[in-house]
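In terms of the numbering used here, the numbers along the sequence shown are unbroken and rise by one, the last being 597.
Note that the Cβ used here is the ideal one computed from N, Cα and C, for glycine as well.
Given the structure is predicted, the values throughout are model-derived calculations rather than measurements.
Scroll down for the structure; my scribbles are underneath it.
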Amino acid sequence: MRYIQGDGRNQGTLFPVVLDDFVPADHVCRAIDAFVEKLMMSELGFERAQAADMGGLAPIRAIC
Numbered sequence: 534m535r536y537i538q539g540d541g542r543n544q545g546t547l548f549p550v551v552l553d554d555f556v557p558a559d560h561v562c563r564a565i566d567a568f569v570e571k572l573m574m575s576e577l578g579f580e581r582a583q584a585a586d587m588g589g590l591a592p593i594r595a596i597c
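What follows is the structure, given as structure tokens:
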């Protein structure tokens, strides 16, 4: 059986890790995201507007 060699550590990827890397900071969709985040979904009649508390650990945020 031959040894299977993986990608090099410096190997680039075709797509960025997150979609936000594609969208410039001054793009119009950023304003739309900000508007939607300000909406009070529970007041608009959405039943599952609040996320359920699953009792898990809080997500770890990267410090840049």
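Consult DSSP for Glu580 and reduce its assignment to one of helix, strand or coil. Along the sequence shown, one-based indexing puts residue 580 at 47. In this structure, Glu580 counts as coil in the three-state DSSP scheme.
Once DSSP output is grouped into helix, strand and coil, what is the label at Phe555? Along the sequence shown, read from residue 1 onward, the residue named residue 555 stands at position 22. In the structure shown, Phe555 adopts coil according to DSSP, grouped into three states.
Extent of the continuous alpha helix (DSSP H) run through Arg563: By one-based count along the sequence shown, residue 563 stands at place 30. Val561 to Lys571 is the extent of the alpha helix (DSSP H) around Arg563.
Anticipated Cβ contact below 8 Å, Val569 with Cys562, distance rounded: Within the sequence shown, the letter at position 36 stands for residue 569. Within the sequence shown, the letter at position 29 stands for residue 562. Val569 to Cys562, Cβ: 10 Å. No contact.
Give the C-beta separation of Ser575 and Ala567 to the nearest angstrom, bearing in mind that I take them to be a contact with Cβ-Cβ under 8 Å. Against the sequence shown, residue 575 aligns to sequence position 42. Against the sequence shown, residue 567 aligns to sequence position 34. So it is not a contact: roughly 19 Å between Cβ atoms.
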